[in-house]
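Everything on this sheet refers to the single structure shown next.
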Amino acid sequence: MRFLITAGPTREPIDPVRFLSNRSSGRMGYALAEAARDAGHEVVLISGPVTIPAPPGITLIRVETAREMFNAVQSHLNGCDAAIFSAAVADYRPVQMAGQKMKKSAERLTLELERTEDILGSARAKLGFSGFLVGFAAETENLIAHAQEKLEHKGCDMIVANDVSQAGIGFDSAENEVTLCLPGGRTVPIPRQSKAALARVLIAQITQLSAPQASQ
Ligand code: CTP
C-alpha cells in the first residue's frame, strides 16, 4: 500500500520573526510513518516543523504553514491507498503577515485571524480521495460523540480519538491511549502504550480494514 501521513504542528506567521503554533511534537505521525514503512508500505510523510530527524526509507516533505501542508497533500494524495491526518494543523492564521518585525506601541494589540484550509475536510469532495481516510480528534470533553460527528462530517473511515485532558498522553507526550471510531458507531479502545507500539496497532488495523474484502 501507499500511505500519505501528515504530522506535527503548522506555523502561521504574524511577522518575519513570530508565528502562531501549538505544542504538537509530531511523534505520533512519525511513529505511524515508521510503522507503515516497517510493515512494507510506501510512505509519503508531510511534516510541519518538528525536531525529529528524517526517518530513512520515507519520502519526507517539510512544510511550515497550513496552506503549504494543504498544497503538499493536494500534490501527493492521488495514488495513495490510505491517508492519515495526524498533523495538528492551526485552525486560524493571521489575516495579514506584517512585512517587517512588529514594534510594540499600544498597550493592547488585536490580531485578526481567518480560518485555514481544512485539509482533512477537503480530502473527499475537494481533492477526490477515495482511499481509506483516517483523521485524529483531540478533545477535552465528549470524546466519542465529537469524534463520531467528525467521522461523518469529514467522510472518514476512521477517527483516532484522543482525550487531551489527561496528563501524560497525546499532545507532546511519549505515550498515547486512544479510541478508534468507525462507521456505524463502532468503537475500539486501544490501551495506553508508547506511540511506536500504538502506531503498529493502528497501521495493522488500517491495513486490515482497508483490504478490499473488508468493504464488501
Ligand atoms: N485537520 C486538517 N486541517 C485543518 C485542521 C485539522 O487536516 N485545518 C485535521 C487534523 O489533522 C485531524 C483532524 O483534522 O486529523 C482534526 O479535526 P478538527 O475538526 O480540526 O479537530 P479540532 O481542531 O479538534 O476541531 P474543533 O476545533 O472543531 O474541535
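Letter by letter, the sequence shown follows residues 3 to 218 in this note's numbering. For each residue, glycine too, the CB sits at the ideal point set by N, CA and C.
- For PHE21, the Cβ stays outside the 8 Å cut-off from all heavy atoms of ligand 1.
- Ranking PRO214, ALA90 and MET99 by CA distance to the CA of SER132 puts PRO214 first.
- Around LEU145, the same chain offers ALA163 and ASP165 as residues with beta carbons nearer than 6 Å, after the five sequence neighbours per side are excluded.
- In the structure shown, GLN195 adopts extended strand secondary structure according to DSSP, grouped into three states.
- In this chain, the beta strand (DSSP E) harbouring ARG20 covers 20-22.
- Taken from the Cβ of HIS78, every heavy atom of ligand 1 lies 8 Å or farther away.
- If you look at SER77, you'll find it isn't in any beta strand (DSSP E); it sits in the alpha helix (DSSP H) that goes 68-78.
- Secondary structure of LEU182 (DSSP, three-state): strand.
- DSSP places VAL190 within a strand segment (E or B) once states are collapsed to three.
- In the DSSP assignment, SER124 falls within the unbroken alpha helix (DSSP H) covering 121-124.
- DSSP places GLY137 inside the beta strand (DSSP E), whose first and last residues are 134-141.
- Beta-bridge analysis with DSSP links ASN144 to no other residue.
- One alpha carbon belongs to GLY172, the other to LYS106, and they sit about 36 Å apart.
- By the Cβ-count criterion, ASP174 is exposed, with fewer than 16 other Cβ atoms from all chains shown falling within 10 Å of its own Cβ.
- Between GLY31 and ALA9 the beta-carbon gap is near 2 Å, inside 8 Å, which marks them as a contact.
- Annotation for CYS183: ALA149, GLN150, LEU153, ILE161, ALA163 and THR189 place their beta carbon closer than 6 Å to its own, counting only its chain and skipping 5 residues before and after.
- Closest by C-alpha distance to PHE72, out of GLN98, ILE60, ALA90 and GLY59, is ALA90.
- Counting only residues of its own chain and dropping the five nearest sequence neighbours on each side, ARG64 has a CB closer than 7 Å to the CB of SER49.
- Restricting attention to GLY59, THR181 and SER26, the CA atom closest to the CA of ARG39 is found in GLY59.
- Counting only runs of 3 or more residues that sit fully inside the stretch 80-113, the beta strand (DSSP E) segments are 84-87 and 94-96, in chain order.
- In terms of CA proximity to PRO185, VAL136 leads the group LEU204, ALA169, GLY170 and VAL136.
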